[in-house]
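Residue numbers (our numbering): 174 to 285. Note that the Cβ used here is the ideal one computed from N, Cα and C, for glycine as well. The structure displayed is predicted, hence computed values, not measured ones. Structure first, then comments.
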Amino acid sequence: MLSMKMSCFFILIPVLLSAGCSVHSYKLTGDTVHLYLRKDTAREVYFASSLDGFVLHEARKRPGGDWEIVLPGGNVEFRYFYVVDGEVYVPACRFRERDDLGSENCLYVPGM
């Protein structure tokens, strides 16, 4: 029984380490929304949203290590996701919605 628990532990450790630290937040400044993604292992981050048909936009890496995207129209609801090092990434976000293809997107809801 103990060896089974230990083997599960050793399988779980690499999975957790490969996920890297990830935190997602946003800040509304006037009519502009700043979205931040901390993904310690990321080398390249793109952002896509329903505001323009999910066109990829390169996120800017800030000196503190966060990736930032700045969008006009912070009072408009939209769906979004990231592409981190070539892989679609949907961070932990307050609101999620399934898309037409069965995947999930984050949902930005102004004032929430």
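Legend entry - In chain order, each beta strand (DSSP E) run of at least 3 residues that lies wholly inside the region 236-281: 240-245, 251-257, 260-262, 269-271 and 277-281
Legend entry - CA-to-CA distance, P236 to L280, given in whole angstroms: 27 Å
Inset, instruction - Check whether the Cβ atoms of A303 and H230 lie closer than 9 Å to each other. - result: Nothing about residue 303 can be reported from this structure: the residues present for the chain run from 174 to 285 only.
Inset, instruction - Rounded to whole angstroms, what's the CA-CA distance from D204 to P245? Just pull it up for me. - result: 6 Å
Legend entry - Proximity to D239 [Cα-Cα], best of M285, G284, R271 and S198: The residue with the shortest Cα to Cα distance from D239 is S198.
Legend entry - Pick from A215, G247 and E217 that is closest to K200, judged by C-alpha positions: G247
Inset, instruction - Give the DSSP bridge partners of A221, in chain order. - result: Bridge partners of A221: F254.
Inset, instruction - Quick one: using the 10 Å Cβ neighbour count with 16 as the cut-off for buried, is V257 buried or exposed? - result: buried
Inset, instruction - Report the three-state DSSP secondary structure of T202 (helix, strand or coil). - result: strand
Inset, instruction - Specify the secondary structure class of R216 as computed by DSSP and reduced to three states. - result: coil
Legend entry - Residue from Y219, E260, V249 and F254 whose Cα sits closest to the Cα of E270: F254
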